[in-house]
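>
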Amino acid sequence: MNALAPNMDHHWLPFTNNRLFKQEPQVFARAQGVRYWTPEGREILDGSSGLFCCAAGHGRPEIADVVHRQLMTLDYTPHFQRAAPVSFEFAQRLAALLPPGLDRLFFGNSGSEAVDSAVKICLAYHRARGQGQRSRFVSRNWAYHGVNIGGTSLAGMVNNRRDYSGVTFDTLHMRHTWSEEQRYTRGQPESGADKADDLEDLCRLHGGETIAAVFIEPVAGSIGTIVPPKGYLEKLRATCDKYGILLVFDEVITGFGRTGAAFAAQEFKVTPDLITMAKALTNGAIPMSAVAVHRDIQAAVIDAAKGDRPELFHGYTYSAHPVACAAGLAALDIYRDEGLFARGQAMSPKLLDLVFGLRNLPQVTDLRGYGMIAGIQLKPGANPGEKGSLVQRLLFDAGLHVKATGDALIFAPAFVVEEDELARMGEVLQKVLGRGDI
Ligand SMILES: Cc1ncc(COP(=O)(O)O)c(C=O)c1O
Numbered sequence: 000m001n002a003l004a005p006n007m008d009h010h011w012l013p014f015t016n017n018r019l020f021k022q023e024p025q026v027f028a029r030a031q032g033v034r035y036w037t038p039e040g041r042e043i044l045d046g047s048s049g050l051f052c053c054a055a056g057h058g059r060p061e062i063a064d065v066v067h068r069q070l071m072t073l074d075y076t077p078h079f080q081r082a083a084p085v086s087f088e089f090a091q092r093l094a095a096l097l098p099p100g101l102d103r104l105f106f107g108n109s110g111s112e113a114v115d116s117a118v119k120i121c122l123a124y125h126r127a128r129g130q131g132q133r134s135r136f137v138s139r140n141w142a143y144h145g146v147n148i149g150g151t152s153l154a155g156m157v158n159n160r161r162d163y164s165g166v167t168f169d170t171l172h173m174r175h176t177w178s179e180e181q182r183y184t185r186g187q188p189e190s191g192a193d194k195a196d197d198l199e200d201l202c203r204l205h206g207g208e209t210i211a212a213v214f215i216e217p218v219a220g221s222i223g224t225i226v227p228p229k230g231y232l233e234k235l236r237a238t239c240d241k242y243g244i245l246l247v248f249d250e251v252i253t254g255f256g257r258t259g260a261a262f263a264a265q266e267f268k269v270t271p272d273l274i275t276m277a278k279a280l281t282n283g284a285i286p287m288s289a290v291a292v293h294r295d296i297q298a299a300v301i302d303a304a305k306g307d308r309p310e311l312f313h314g315y316t317y318s319a320h321p322v323a324c325a326a327g328l329a330a331l332d333i334y335r336d337e338g339l340f341a342r343g344q345a346m347s348p349k350l351l352d353l354v355f356g357l358r359n360l361p362q363v364t365d366l367r368g369y370g371m372i373a374g375i376q377l378k379p380g381a382n383p384g385e386k387g388s389l390v391q392r393l394l395f396d397a398g399l400h401v402k403a404t405g406d407a408l409i410f411a412p413a414f415v416v417e418e419d420e421l422a423r424m425g426e427v428l429q430k431v432l433g434r435g436d437i
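Each residue of the sequence shown is one higher than the one before, counting from 0 in numbering that gives the first Met the number 0.
#1: Mind checking which residues open and close the alpha helix (DSSP H) that includes Gln265?
#2: Within a Cβ cutoff of 6 Å, which residues of the same chain sit near Gly145, ignoring the five residues on either side of it in sequence?
#3: Grouping DSSP H, G and I as helix and E and B as strand, with all else coil, what is Met0?
#4: Would you tell me roughly how many angstroms separate the C-alpha atoms of Leu428 and Asn159, rounded to the nearest one?
#5: Once the 5 residues before and after Ile252 are set aside, which same chain residues still bring their CB inside 6 Å of it?
#6: Whole angstroms is fine: what's the gap from Ala299's alpha carbon to Ile120's?
#7: Rounded to a whole number of angstroms, what is the C-alpha to C-alpha distance between Glu23 and Leu389?
#8: Can you list, in chain order, the residues of its chain with a C-beta nearer than 6 Å to that of Thr238? Leave out the 5 residues immediately preceding and following it.
#9: Rounded to whole angstroms, how far is the Cβ of Thr37 from the Cβ of Phe27, which I believe are closer than 8 Å?
#10: For Ala326 versus Leu96, is the C-beta distance shorter than 8 Å?
#11: I'd like the ranges of any alpha helix (DSSP H) spanning at least 4 consecutive residues and lying wholly in the region 216-264.
#12: Taking 7 Å as the cut-off, is the beta-carbon of Tyr163 closer than that to any non-hydrogen atom of ligand 2?
#13: On the DSSP bridge list, what partners appear for Glu42?
#14: State the DSSP-derived secondary structure class of Arg160, mapped to helix, strand or coil.
#15: From what residue to what residue does the alpha helix (DSSP H) around Arg68 run?
#16: What is the DSSP secondary structure of Met7, reduced to helix, strand or coil?
#17: Sorted by chain position, which residues of the same chain lie with C-beta nearer than 7 Å to Thr281's C-beta, five sequence neighbours on each side aside?
#18: Check Tyr334 in the structure and name its three-state DSSP category.
#19: Consider the C-beta atom of Asp115 and the heavy atoms of ligand 1; say whether any pair is separated by less than 7 Å.
#20: Nearest-angstrom Cα distance between Gln69 and Ser86?
#21: Which same chain residues end up closer than 8 Å to Met0 when comparing Cβ atoms and leaving out the 5 residues on each side of it in sequence?
#22: Distance, Cα to Cα, Arg358 vs Asp396?
#23: Just how far apart, CA to CA, sit Ser138 and Phe248?
#24: Would you call His10 buried or exposed, if buried means 16 or more other Cβ atoms sit within 10 Å of its Cβ?
#25: Do you know whose CA, among Lys21, Ser48 and Phe168, lies nearest Arg34's CA?
#26: Does DSSP classify Ala55 as helix, strand or coil?
#27: Residues bridged to Gln376 by DSSP?
#28: Is it the case that the Cβ atoms of Leu408 and Leu366 are separated by a distance below 8 Å?
#29: My understanding is that Asp45 touches Pro412, with C-beta atoms under 8 Å, so please give their C-beta distance in whole angstroms.
#30: Can the beta-carbon of Val218 be found closer than 8 Å to that of Pro227?
#31: Distance, Cα to Cα, Met346 vs Arg335?
#32: Count the other CB atoms within 10 Å of the CB of Val269; is the residue buried (16 or more) or exposed (fewer)?
#33: Based on the DSSP output, what are the partners of Leu50 in its beta bridges?
#34: Can you tell me where the alpha helix (DSSP H) with Thr316 in it begins and where it stops?
Shown next, in the form of structure tokens:
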């Protein structure tokens, strides 16, 4: 068999039109910095940090080296009643980056697992405090919180929940925050904080005392980058406090400098009770996720447990996998030593200039952006999602990888991107989005 063209029948690709993919495969064989290469050796610039994971760029030897070393020192340890030094070190380093108080870390392997873990921790907390009636969750339309049962229940993107109704739990949805008057807003929109009043309405309708937690992506990423209106997150925080509801920020995309500060909680100066994170936690090199939990929440759960039993009946075989922890420590070292969050902040105006320079192109109907993430809304095709899929393929053919979601592109390069690389990405976007014939 030709090594460049393996048999593709057996791998069922996730979130993919598999029939189309097999007709027009888009395969990456190698990566370095902000570049991929196809098996044929064609260069493709990475305009989405893979899937918003590789904030420090691809192929970092610092991570590869510690991963190899960790594999040869301690390749695996269970974390049920056992542990390894590396996970404590990693948790301590993460705690130092997080908002004060959110310094207890629970590890998993994916953003979806972090969300499910956070759901259970919220329920365990309320139960520990004698408030087991709090079983409902609040999310919002267009939300993406992964694809496990928790994330599917919280989902606000229709296709991600429609077929799975039998397994989802009771979730109330607020409206999303986008509106017509926000079209082409750079940064935080002035209007839309009133959408947070939906939470007050839900509390009045269902009883605030029946709600366990509100899950929010501070910047709604997977729908195509919806930036929170000024005052919106603050209002949600106040309503949660009023009714004793936990506020969870899902920072799987926004964590680790994507909005400027280490976490969006710090960038927008609103402190939630829990933060979920994944992706750039290890620079995407090894699957890993974490939930940062306020120390009072952990204390309540631990203090409520009686006798010799686990306090939280939850965990994964690969929770805090030592190799993932080692990769995460190396990623944190890179972020610190290269000042990458500050570099992302410095690059952000250039990225947003590039994106907002696409405004008058025939395929563009809206632009949004904050920090090192931007959404490019496309003129829709005959059916929802078709234009996004087509444009994603045309960009690949023209030498640029960008994640499409429905009819939007999510442009979020690595923070190490150089200005000339950014400019080259912009040229490809101009060329493809400038086409009037698609
Ligand atoms: C906000 C948010 N939560 C959860 C997830 C799920 O993460 P994973 O795909 O690692 O399960 C994602 C993935 O993009 C996400 O953007």
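Beta carbons: idealized from backbone N, C-alpha and C, even for Gly.
Judging by the given coordinates:
#1: By one-based count along the sequence shown, residue 265 stands at place 266. Ala263 to Glu266 is the extent of the alpha helix (DSSP H) around Gln265.
#2: Locating residue 145 in the sequence shown gives position 146, counting from the first residue. Closer than 6 Å at Cβ, skipping near neighbours: Gly110, Ser111 and Val114.
#3: As a position in the sequence shown, residue 0 is number 1, starting the count at 1. Caution applies to Met0, whose pLDDT of 40 falls short of 50 and renders its modelled position unreliable; the model cannot decide the point.
#4: Numbered from 1 along the sequence shown, position 429 holds the residue referred to as residue 428. Numbered from 1 along the sequence shown, position 160 holds the residue referred to as residue 159. Those two C-alpha atoms are separated by around 28 Å.
#5: Here residue 252 refers to the residue found at position 253 of the sequence shown. Cβ neighbours of Ile252 beyond the five flanking positions: Phe51 and Gly220.
#6: Position 300 of the sequence shown, counted from the start, is the residue given in the question as residue 299. Position 121 of the sequence shown, counted from the start, is the residue given in the question as residue 120. Rounded to whole angstroms, Ala299 to Ile120 spans 11 Å at the Cα level.
#7: Taking the sequence shown and counting its residues from 1, one reaches residue 23 at position 24. Taking the sequence shown and counting its residues from 1, one reaches residue 389 at position 390. Distance between the alpha carbons of Glu23 and Leu389: 11 Å.
#8: For the purposes of this step, residue 238 is taken as residue 239 along the sequence shown, with counting starting at 1. So the list reads Leu198 and Glu199, once near-sequence residues are dropped.
#9: Here residue 37 refers to the residue found at position 38 of the sequence shown. Here residue 27 refers to the residue found at position 28 of the sequence shown. Between Phe27 and Thr37 the Cβ distance is about 7 Å, and since that is below 8 Å, they are a contact.
#10: Residue mapping note: residue 326 aligns to position 327 of the sequence shown, counting from 1. Residue mapping note: residue 96 aligns to position 97 of the sequence shown, counting from 1. No, these two residues do not count as a Cβ contact at 8 Å.
#11: 231-242
#12: In terms of ligand content, the structure shown lacks ligand 2 and carries ligand 1 instead.
#13: For the purposes of this step, residue 42 is taken as residue 43 along the sequence shown, with counting starting at 1. BP columns for Glu42 point to Trp36.
#14: On the sequence shown, residue 160 is found 161 positions in, with the first residue counted as 1. Coil.
#15: Start at 1 with the first residue of the sequence shown, and residue 68 comes out as number 69. Note, Arg68: alpha helix (DSSP H), Pro60 to Thr72.
#16: Numbered from 1 along the sequence shown, position 8 holds the residue referred to as residue 7. Residue state, collapsed to three classes: coil.
#17: Counting from 1 along the sequence shown, the entry for residue 281 is found at position 282. These residues qualify, in order along the chain: Met287, Ala323, Ala326, Gly327 and Ala330.
#18: Along the sequence shown, one-based indexing puts residue 334 at 335. Residue state, collapsed to three classes: helix.
#19: Taking the first residue of the sequence shown as position 1, residue 115 is located at position 116. It does not: the Cβ of Asp115 is nowhere closer than 7 Å to a heavy atom of ligand 1.
#20: Mapped onto the sequence shown, residue 69 falls at position 70. Mapped onto the sequence shown, residue 86 falls at position 87. Between Gln69 and Ser86, the C-alpha separation is close to 12 Å.
#21: Position 1 of the sequence shown holds residue 0. Low local confidence applies: a pLDDT of 40 at Met0 is under 50, so the model's placement there is unreliable, with the coordinate-based value given in what follows. Contacts found: Asn6.
#22: Within the sequence shown, numbered from 1, the residue matching residue 358 stands at position 359. Within the sequence shown, numbered from 1, the residue matching residue 396 stands at position 397. So the alpha carbons of these two residues sit roughly 22 Å apart.
#23: Here the question's residue 138 lines up with position 139 in the sequence shown. Here the question's residue 248 lines up with position 249 in the sequence shown. Those two C-alpha atoms are separated by around 11 Å.
#24: Numbered from its first residue, the sequence shown carries residue 10 at position 11. Exposed.
#25: As a position in the sequence shown, residue 34 is number 35, starting the count at 1. Checked all of Lys21, Ser48 and Phe168; the closest Cα to Arg34 is Ser48.
#26: The residue labelled residue 55 in the question sits at position 56 within the sequence shown. Three-state result, Ala55: coil.
#27: Counted from its first residue, the sequence shown places residue 376 at position 377. According to DSSP, which records beta bridges pairwise, Gln376 is partnered with Asp365 and Ala407.
#28: Residue 408 sits at position 409 when you count from the first residue of the sequence shown. Residue 366 sits at position 367 when you count from the first residue of the sequence shown. Against a cut-off of 8 Å, the Cβ pair of Leu366 and Leu408 comes out as no contact.
#29: Walking along the sequence shown from the start, residue 45 turns up at place 46. Walking along the sequence shown from the start, residue 412 turns up at place 413. Between Pro412 and Asp45 the Cβ distance is about 7 Å, and since that is below 8 Å, they are a contact.
#30: To locate residue 218, count along the sequence shown from 1; it is residue 219. To locate residue 227, count along the sequence shown from 1; it is residue 228. It is a contact, given that the beta carbons lie within the stated cut-off.
#31: What you label residue 346 is simply residue 347 of the sequence shown in a count that begins at 1. What you label residue 335 is simply residue 336 of the sequence shown in a count that begins at 1. Distance between the alpha carbons of Met346 and Arg335 is about 17 Å.
#32: Residue mapping note: residue 269 aligns to position 270 of the sequence shown, counting from 1. Label assigned to Val269: buried.
#33: The residue labelled residue 50 in the question sits at position 51 within the sequence shown. Partner(s): none; Leu50 has no beta bridge.
#34: By one-based count along the sequence shown, residue 316 stands at place 317. Thr316 -> no alpha helix (DSSP H), and no H or E assigned at all.
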